[in-house]
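Peer 1: This structure is in structure tokens; I'll ask about it shortly.
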Amino acid sequence: MRRFLARFANLFRGRGAEREMSREIRSHLALIEEDFERRGLPPEAAQSAARRAYGGVELAKELHREARSFAWIEHLIKDVRYGGRNLLRTPGFTAVAVIALALGIGANTAIFSVVNAVLLRPLAYKDAGRLVTILHYGTGPVATANYIDWRGQSRSFEAMGAADYWAANLTNGDVPEHLLGLKVTQNLLPMLGVRPLMGRLFAPGEDRKGSDHEAILSYPLWQRRFDRDPNVLGKPIVLNGEAYTVVGVMPPGFKFAPFWATHAELWVPDAFGDTIHDRDSNHLRVFARLKRGVTLAQARADMATITGRLEKQYPATNRNIVVRPLKENVVGNIETPLLMLLGAVGFVLLIACANVAHMLLARTSDRQKEMALRVALGASRTRVIAQMLTENLLLAGIGALAGLLLALLGTKALIALSPAYIPRVEMVAIDGRVVFFLLGITVLTAAVFGLMPAMRAAAGNPSDALKEGGRGDSDSKHRNRLRNFLVASEFALAFMLLIGAGLMIRSFFALESVDPGFNPHNVLSMVVSVAGTKEAEPHRRAIFYRELLQKVRSLPGVNSAGAINHLPLAGDTWGLSFSIEGRPKPRPGDEPVAVYRIVMPGYFETMRLPLRRGRTITGQDDARVPDVVIINQRAANQFWPGENPIGKRITFDEDKGSASDWVTIIGVVKNAKQETWAAEPDPEVYLPALQSRNFLGEDKGPIAAHMMYITLVVRAYGKASDVASAVKQMVWSFDRNLPISDVLTMDRVVSDATAEPRFEMLLLSMFAAVALLLAAVGIYGVMSYSVSRRTREIGIRISLGASRAEVLRMVVRQGMIQALAGTAAGVAGALLLSQLMAKMLYGVRPTDPVTFGAVATVLGLAALLAACVPARKATRIEPMIALRNE
Amino acid sequence: MSSKATDRIVVLQGTLDLIILRTLQTMGAQHAYAIATRLQQISGDLLHLNQGTLYPALVRLEQQGRIKGTWATTESNREAKFYSITRAGEKALVEETLRWRRMSGLVDKLLSEGA
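So the protein sequences, as listed, match chains L and A. Take the first sequence: its position 511, counting from 1, is numbered 511 in our numbering, and each next residue is one higher. Plus 886 on top of the position in the second sequence (first one is 1) and you've got our numbering.
In structure tokens, the structure reads:
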């Protein structure tokens, strides 16, 4: 204790101690010199002789300093040097161990940095934990009048605001641009607690009709379109042909909304207008901030009371309203896959640890004598363990450094590879928490793979170890058991990982073979927006759409062309309820619902979406003839089972923009994928664009505002992308101000739809491959070690008449027993763990026998191969040489 | 090669403390040079140590409170730091001597048995 204090004091008295030391050394030298002079040396010779006798002055100073500082630092430095030398002495072992650890630690760090950015970091709003969404089924939009009632009646929230999609054509400058914006209530942005970079947020009263023409820009938009003009505030900009005043610019990195309309680049006030009494058309996303001290459960109870009351008042409304933390909506879908990947890399690390551990165990038995000698010479057991742990930590540290490098490259690759669906992936970085994680797993890793061998080495009576005389054949049973256990657990872990990867691969191929209903090859799509251009005018829009398609069809290389409001898989999906002629009116809320799309002639032909019954939509189906509709097979089966739906009539409850209320079914088409790739298509209806007054701009209803654009689909004879520029030029030949966006091939749209499972499958397969490799290396290492230890025994067996085949069988059997035991444990583990993946699988059960069989075969073959190499070596043992060697 | 040299120093450092304490006990207060000279004399020059390597042991012992250093002048009127053994040092010397006898006995025994 006293020494500790003295040293502690020395930490602060550094310079005083240094002076004292120099003084002492000086005096020491002087004393030697004096001595030499007394013996008759001339002064100069005495001086140099003194220096020689003293030894290196600098070395002495160094030793002095070391002794002054803390003992553990002294020990640590010594141990690190010693450990480093030991590692260098066995470069093969060190390299294999470092690679295994680097793979494990690197993969963990990379995945953790993604988990950290996506799941752990709070959303970039003030006190984001109190932000919630109030939506249909947790994610679906709600109607304006309901929102207004909730806002007025709820008591759990500090504020409640709403946002609505708003696509806007910005026609300032040279190139017109189709921008994604949001209409927001005045209180929404202030609720988030983010201050604008410049200017202000919307002021109370600015979301009233007449004073709602202000805009707040995102930083990227300000940068891109306004060259970061510091005087942009107060300037007018033209959106959809109307003048807006810029009142603010948000800081870089600001995003809203975070889970839907994530690419919104500008915000304008929402005056609601006519929708204020509307309880049926759901288009608002509602956000709220919980009052301080109010729990989520309390808010949910509060909302349940309100919606229950409103449902009685207005039947069929206010159902299935879910209050949910905002963050859950942002990361909800990605949480399971990410945690699964984190678990997978955790397994990889465990396997790497087990690998290094049994390599260390093997080394430990070779170093048993060295340890025993050290203990005999007075080193305490703790010091010996500490020394070995230092060596292990050094190993893990080198592994971690290599792993960090791997993680840096890995995260870059991850971000580049990751599909757009991962929210917040742009925030992935190696930050403090990731470094802390890295340090944590490094130390943990060293402890896991190093502690057992170290304690094993330090245990036991030193004199026993010395007496044994270092003959290697009496490897203790206990250690053998430990090593076998390690190999078996490697196999169990690898088995579980391989099952995970196998299921993902099977599921992915099942997904790949799903028929989208249409033929996506050679089809190009692009969105053309008419908002704010002269084509938006009612009498011109129909003509423009017709002529544009005609002209595009005549382009060289173009096979056919059509158009739709929302492209399947890439565009929005609207649902609309309807009634069937001649059937009793269902109770409110129980009406048939269908996905609702508006198409121009040529759409089905271009997409090669086959007609099952009846006729397709043609150019003659316009405002002058009775309204018609095409339904999909699913709608036919569900609403007219066993009947022919052709000629039946339906009416849409909300689409009051039709000329007549009743529309006649003229055809049935094959089911096509709608919003998500894996989901079975819902009932769907296709209305002719030329009969939709909303779509043609002849009606100014609330839906009309969302119908200011059209998605062209063009089938080319050759590559779809080859006709892109010709089609764009054709659009602009009508009006240079028409913004074109989302130019995509249908192949790309389809591959984006399966991007998430593909990404997860690729990563998981990669990790499983690493795991398989490590496990094989593990069994190979243990078997070759065991063979080398048993050389004499095998030699005796051979000399006693054992055949080579018998020796081969014996060694291989020994290896396979461990592999089999591990596999058995792995099957049990995989059966449990794969249940967690059930939600991520498509077309394959978590207990898929094919996957289990295939994985067991692959692992068995790997084990056999890894055991055969050392076994063959064993058969080549020459008994005479083996025995003489001892 | 290098590891053997390290081992020798490790062994020496454990015993060096003991030797210094013993020297100071029998000879009274001494400066570092005198201690070094004495060690060389006793070991019959078998133990040829760089005098600078004494310092870690001296510093360690002083921090442990087993010896105490004071600046004074030598007979030839030069200044030097004189170390003397403390009461704690006397006690430690007894314990360490016992420990050393046990240990060397054990090693002796082991070595003769192994042969």
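Beta carbons are placed, not taken as given, at the ideal position from N, Cα and C, and that holds for glycine.
1. Could you check what DSSP says for alanine 301 of chain L in three-state terms: helix, strand or coil?
2. If the cut is a Cβ gap below 8 Å, which residues of chain L does arginine 964 of chain A touch?
3. Which residue's Cα is closest to the Cα of leucine 29 of chain L: L:Arg19, L:Arg38, L:Gly40 and L:Gln47?
4. Can you confirm whether glutamate 468 of chain L, when its beta carbon is compared against all beta carbons of chain A, has any partner nearer than 7 Å?
5. Here's a check: name, in chain order, each residue in its chain whose Cβ is nearer than 6 Å to the Cβ of asparagine 671 of chain L, leaving out the five neighbours to either side.
6. Do arginine 608 of chain L and glycine 667 of chain L count as a contact pair if the criterion is CB distance below 7 Å?
7. Could you tell me whether the Cβ atoms of leucine 567 of chain L and tyrosine 596 of chain L are closer together than 7 Å?
8. Helix, strand or coil: which one does DSSP assign to glutamate 981 of chain A?
9. Roughly how far, in whole angstroms, is the beta-carbon of leucine 902 of chain A from the beta-carbon of glycine 975 of chain A, given that I think they are within contact range, below 8 Å?
10. Which class does lysine 928 of chain L belong to by DSSP, given the choice of helix, strand or coil?
11. Any idea if isoleucine 306 of chain L is buried or exposed, counting beta-carbon neighbours within 10 angstroms, 16 or more meaning buried?
12. Taking the beta carbon of arginine 38 of chain L as the centre, do at least 16 other beta carbons fall within 10 Å, making it buried, or is it exposed?
13. Specify whether the segment 444-454 of chain L and the segment 134-149 of chain L touch according to this definition: at least 3 beta carbon pairs, one from each stretch, less than 8 Å apart.
14. Closer than 9 Å, Cβ to Cβ, to anything on chain L: give me those residues from the segment 958-985 of chain A, in chain order.
15. What residue range does the beta strand (DSSP E) around valine 175 of chain L cover?
16. Assuming the contact rule is C-beta atoms closer than 8 Å, glutamate 982 of chain A and leucine 904 of chain A should be a hit. Round their C-beta distance to whole Å, please.
17. Please report the distance separating the alpha-carbon of glutamine 313 of chain L from that of alanine 570 of chain L.
18. What does the alpha-carbon distance come out to for the pair leucine 197 of chain L and methionine 250 of chain L?
19. Are the Cβ atoms of proline 176 of chain L and asparagine 737 of chain L separated by less than 7 Å?
20. Taking just the CA atoms, how far does serine 218 of chain L sit from arginine 195 of chain L?
21. Looking at the C-beta of histidine 358 of chain L, does it have a partner C-beta in chain A at a distance below 7 Å?
22. Assign threonine 857 of chain L to buried or exposed, taking buried as 16 or more other Cβ atoms, counted over all protein chains shown, within 10 Å of its Cβ.
23. Say whether chain L places a C-beta atom closer than 7 Å to the C-beta of alanine 1012 of chain A.
24. Comparing the C-beta of glutamate 328 of chain L with each C-beta of chain A, is any distance below 7 Å?
25. Kindly indicate which three-state DSSP category threonine 807 of chain L falls into: helix, strand or coil?
26. Does the contact criterion of 3 or more C-beta pairs under 8 Å hold for the segment 85-104 of chain L versus the segment 310-326 of chain L?
27. Between valine 357 of chain L and glycine 822 of chain L, how many whole angstroms is the CB-CB distance? I'm expecting something under 8 Å.
28. Compare the Cα-Cα distances from arginine 225 of chain L to each of L:Val184, L:Trp150, L:Gly273 and L:Asn172 and report the closest residue.
29. Any idea what DSSP makes of tyrosine 785 of chain L, helix, strand or coil?
30. Considering only residues of the same chain and omitting the five flanking positions on each side of glycine 199 of chain L, which have a CB-CB separation below 8 Å?
31. What's the gap between the Cα of phenylalanine 508 of chain L and the Cα of glutamate 756 of chain L?
32. Hey, does glutamate 24 of chain L have any beta-carbon neighbour from chain A nearer than 7 Å?
33. First and last residue of the beta strand (DSSP E) that includes tyrosine 314 of chain L?
34. Based on Cα-Cα distance, which residue from L:Met504, L:Ala563, L:Asn187 and L:Ala297 lies nearest to aspartate 848 of chain L?
35. Locate the beta strand (DSSP E) running through alanine 958 of chain A, then write down its first and last residues.
36. Classify glutamine 911 of chain A as buried or exposed, calling it buried when 16 or more other Cβ atoms lie within 10 Å of its own Cβ.
Peer 2: This is what the structure holds:
1. Walking along the first sequence from the start, residue 301 of chain L turns up at place 301. If DSSP states are grouped into helix, strand and coil, alanine 301 of chain L belongs with the helices.
2. If you number the second sequence from 1, residue 964 of chain A lands on position 78. Neighbours of arginine 964 of chain A on chain L, chain order: Ser27, Ala30, Leu31 and Glu34.
3. Taking the first sequence and counting its residues from 1, the one referred to as residue 29 of chain L is at position 29. Residue L:Gln47 is the option with its Cα nearest to leucine 29 of chain L.
4. To locate residue 468 of chain L, count along the first sequence from 1; it is residue 468. With a pLDDT of 49 at glutamate 468 of chain L, under the threshold of 50, the modelled position of this residue cannot be trusted, and the question is left open.
5. Working through the first sequence from its first residue, we reach residue 671 of chain L at position 671. Gly517, Asn632, Gln633, Arg634 and Pro681.
6. In the first sequence, residue 667 of chain L corresponds to position 667, counting from 1. In the first sequence, residue 608 of chain L corresponds to position 608, counting from 1. No. Outside cutoff.
7. Reading the first sequence from its first residue, position 567 is the one you call residue 567 of chain L. Reading the first sequence from its first residue, position 596 is the one you call residue 596 of chain L. The answer is no: Cβ separation not under 7 Å.
8. Looking up residue 981 of chain A in the second sequence gives position 95. Helix.
9. Position 16 of the second sequence, counted from the first residue, corresponds to residue 902 of chain A. Position 89 of the second sequence, counted from the first residue, corresponds to residue 975 of chain A. Wrong, their Cβ atoms sit about 14 Å apart, outside the cutoff.
10. In the structure as shown, chain L starts at 1 and stops at 886, and residue 928 of chain L therefore has no counterpart that could be examined.
11. Numbered from 1 along the first sequence, position 306 holds the residue referred to as residue 306 of chain L. Buried.
12. In the first sequence, counting from the first residue as 1, residue 38 of chain L sits at position 38. By the neighbour-count rule (16 or more Cβ atoms within 10 Å), arginine 38 of chain L is not buried but exposed.
13. no
14. Thr960, Ser962, Arg964, Glu965, Ala966, Lys967, Ala974 and Arg985
15. Mapped onto the first sequence, residue 175 of chain L falls at position 175. That residue, valine 175 of chain L, is in no beta strand (DSSP E); it is neither H nor E in DSSP.
16. The residue you call residue 982 of chain A lines up with position 96 of the second sequence. The residue you call residue 904 of chain A lines up with position 18 of the second sequence. Confirmed, Cβ separation roughly 5 Å.
17. As a position in the first sequence, residue 313 of chain L is number 313, starting the count at 1. As a position in the first sequence, residue 570 of chain L is number 570, starting the count at 1. Near 38 Å, if we compare the C-alpha coordinates of alanine 570 of chain L and glutamine 313 of chain L.
18. Within the first sequence, numbered from 1, the residue matching residue 197 of chain L stands at position 197. Within the first sequence, numbered from 1, the residue matching residue 250 of chain L stands at position 250. Their Cα atoms are separated by approximately 5 Å.
19. For this step, residue 176 of chain L is matched to residue 176 along the first sequence. For this step, residue 737 of chain L is matched to residue 737 along the first sequence. Taking 7 Å as the Cβ cut-off, proline 176 of chain L and asparagine 737 of chain L qualify as a contacting pair.
20. In the first sequence, the residue the question calls residue 195 of chain L occupies position 195. In the first sequence, the residue the question calls residue 218 of chain L occupies position 218. Rounded to the nearest angstrom, the two C-alpha atoms are 12 Å apart.
21. By one-based count along the first sequence, residue 358 of chain L stands at place 358. Closer than 7 Å: no.
22. Walking along the first sequence from the start, residue 857 of chain L turns up at place 857. Answer is exposed; the Cβ neighbour count stays below 16.
23. Outside the shown range of chain A (887 to 1001) lies residue 1012 of chain A, about which nothing can therefore be said.
24. Translated into positions along the first sequence, residue 328 of chain L becomes position 328. Judged by the 7 Å Cβ criterion, glutamate 328 of chain L is not in contact with chain A.
25. Looking up residue 807 of chain L in the first sequence gives position 807. A quick correction: the sequence has valine, not threonine, at residue 807 of chain L. Residue state, collapsed to three classes: helix.
26. no
27. For this step, residue 357 of chain L is matched to residue 357 along the first sequence. For this step, residue 822 of chain L is matched to residue 822 along the first sequence. Note on identity: in this sequence residue 357 of chain L is alanine, with valine being the wrong assignment. That pair is no contact at about 15 Å.
28. The sequence position of residue 225 of chain L within the first sequence is 225, counting from 1. Closest option to arginine 225 of chain L, Cα to Cα, is L:Asn172.
29. Position 785 of the first sequence, counting from 1, holds the residue named residue 785 of chain L. Three-state DSSP puts tyrosine 785 of chain L in a helix.
30. Here residue 199 of chain L corresponds to residue number 199 of the first sequence, with the count starting at 1. Contacts found: Ile216, Leu233, Val246, Val247, Gly248 and Val249.
31. In the first sequence, counting from the first residue as 1, residue 508 of chain L sits at position 508. In the first sequence, counting from the first residue as 1, residue 756 of chain L sits at position 756. Distance between the alpha carbons of phenylalanine 508 of chain L and glutamate 756 of chain L: 10 Å.
32. In the first sequence, counting from the first residue as 1, residue 24 of chain L sits at position 24. So yes, glutamate 24 of chain L belongs to the interface.
33. Looking up residue 314 of chain L in the first sequence gives position 314. Premise fails: tyrosine 314 of chain L is in no beta strand (DSSP E) and is neither H nor E.
34. For the purposes of this step, residue 848 of chain L is taken as residue 848 along the first sequence, with counting starting at 1. Minimum Cα distance to aspartate 848 of chain L is reached at L:Met504.
35. Position 72 of the second sequence, counted from the start, is the residue given in the question as residue 958 of chain A. Note, alanine 958 of chain A: beta strand (DSSP E), 953-959.
36. Here the question's residue 911 of chain A lines up with position 25 in the second sequence. Exposed: under 16 other Cβ atoms inside 10 Å.
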